[in-house]
Structures are given as C-alpha cells and as structure tokens.
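Asker: My questions all concern the structure below.
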Ligand SMILES: Nc1nc2c(c(=O)[nH]1)N[C@H]1C(S)=C(S)[C@@H](COP(=O)(O)O)O[C@H]1N2
Ligand SMILES: [Mo]
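Numbering (the working numbering), first residue to last: 1 to 245.
Quick look at the structure:
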C-alpha cells in the first residue's frame, strides 16, 4: 500500500537493535522485556546505590523520588538509534521550515533559530526498548514559541517533524506539541548536539519514548490528518507516553 509518506521500504533495517515489528508487538502486548543492556544498567545503578550506603545520588540539586538508584546524567547511556545516518550538515544552508496549516510559513536560518527565546531543562529520556538516560540537560526553543510565530490555523490537529535524513518522521497531536517543555533542542549538557544525535536540532518530548525525539529536524508540517511516523508504521503506538509516568 502506497501513501504520500511511503518510504519505499519493506521493513525496518536489521541493523537497528531492539526495534522492529516483533519488538513493537511485544511492547504493545506487554510481553516486552528489558534488554540485556538495560538490565546491566539497572544492576550497575543498584550496586552504585548500595556503595553509597543506600543514599540517593543527588544531581543538579534535583532529588525526585526517594529511591536508591543513582540518577546521574551520563551521555554514554544513550543507545544511539538511527535507521539511517544523519545528513551532511552545513550550518549556512540549514533551514527549519514550518508549512501546512499556518497563517505564516517560516524558513528559519540557524542564526534566526538561535536568536529565539531559549529553554533549559533537565529531563529523563526513555527508549521503548527499556534503556534510559537520567537527567538529560537540554537547551532549545519550544515548539510553542515557533508555532506562535507561524500562527497555526484552528483546524490544525497534528504537527509532523521530518528528519533531514529523508526517511524518519514522527507526529504529535497539537496539544502535546504545544506543551511548554516540548522543544527543538540544539544543545545537550551545555554542548552542541553530537552529530549522531541530531545536530543541529532534534525534537525533545519529555514523558514520551525516544522514537518521538526526531533527530536532524529540518521540516515541520502542520496538518489536520493523522500521520504515521517511521516506527509507528512498524507497530509502535502513536501515543508514545512513557509507561508508568
Ligand atoms: N532521524 C532519526 N531520529 C530518531 C531515530 C532515527 O532512527 N532517526 N531513532 C529514534 C529512537 S527509536 C530513539 S530511542 C532515539 C535515540 O536517540 P539517540 O540516538 O540520541 O540515543 O532517537 C530517535 N530519533
Ligand atoms: Mo528507541
């Protein structure tokens, strides 16, 4: 079956670990298990907590919960998941476009994007496979800020975020996209995003699984029709709310 966003693929690339139609099915049916990596991560965190005499590691002044799990940010906890490598990135040529059901289409250069009001926030990151990155410090511009400039039309229902890799996308309902903590991030842990993690810009949707965190975002489309994103096409739910959050 062909659709306007058909990528011509028969199935997901085998080299992406932990994601695919079978894993999606397990996840949806609740048969999904923590992968080995996540399991080891939990064991290490547990041991670290024990070594601290059961006290929680305090990070950045935040001490959410009373568990005994170490919660420090560690960039190495990111699994790095990319169905395709990122595009060649040329700062002078990069644009963030906003089109579709808007009164004012936008085409922002990097300088214009960086000049918009910035948000700094520290959030948990969860991949649907079971691995997790604690206390990720993100900096970027809220989608809400950008949409206030594009002036979305009242009939808009979804916002689609397309990767410049030419293949990956995911959409959010307008009311989710306009939450103040949904941002297009250009910095992580005080540094420019690593190239393989979406430089210059990736979507950050706190409380949603990582497959909504589209890397290398260049095109944003406002629409009134549901859009099936890349992993959603292979069975992952469009509502990517982190379970238990
Ligand atoms: N363009 C693009 N964005 C993507 C993906 C991808 O394959 N391509 N994978 C998603 C998934 S499933 C996850 S868990 C996160 C992983 O982020 P990381 O590579 O920074 O660890 O990126 C998300 N964004
Ligand atoms: Mo993921």
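Glycine included, C-beta positions come from ideal geometry on N, C-alpha and C.
(1) Once you ignore the five residues that flank residue 102 on each side, which residues in its own chain have a CB closer than 7 Å to its CB?
(2) At the level of alpha carbons, what is the spacing between residue 75 and residue 99?
(3) Going straight from the alpha carbon of residue 82 to that of residue 139, what length do you get?
(4) Per the contact definition of three or more C-beta pairs closer than 8 Å, is the stretch 115-129 in contact with the stretch 194-212?
(5) Is residue 214 near ligand 1 - that is, is its Cβ less than 7 Å away from at least one heavy atom of it?
(6) Given a threshold of 16 other Cβ atoms within 10 Å of its Cβ, counted over all protein chains shown, does residue 176 qualify as buried or as exposed?
(7) Who are residue 185's beta bridge partners in DSSP?
(8) How long is the line joining the alpha carbons of residue 80 and residue 196, rounded to whole angstroms?
(9) Using 8 Å as the cut-off, can you tell me whether the stretch 107-115 makes contact with the stretch 87-96, which would need three or more C-beta pairs spanning the two stretches below that distance?
(10) DSSP three-state label for residue 159, please.
(11) Heavy atom of ligand 1 less than 7 Å from the Cβ of residue 190, yes or no?
Answerer: Let's see:
(1) 150, 151, 152, 153, 222
(2) 33 Å
(3) 21 Å
(4) yes
(5) yes
(6) buried
(7) 140, 202
(8) 7 Å
(9) yes
(10) strand
(11) no
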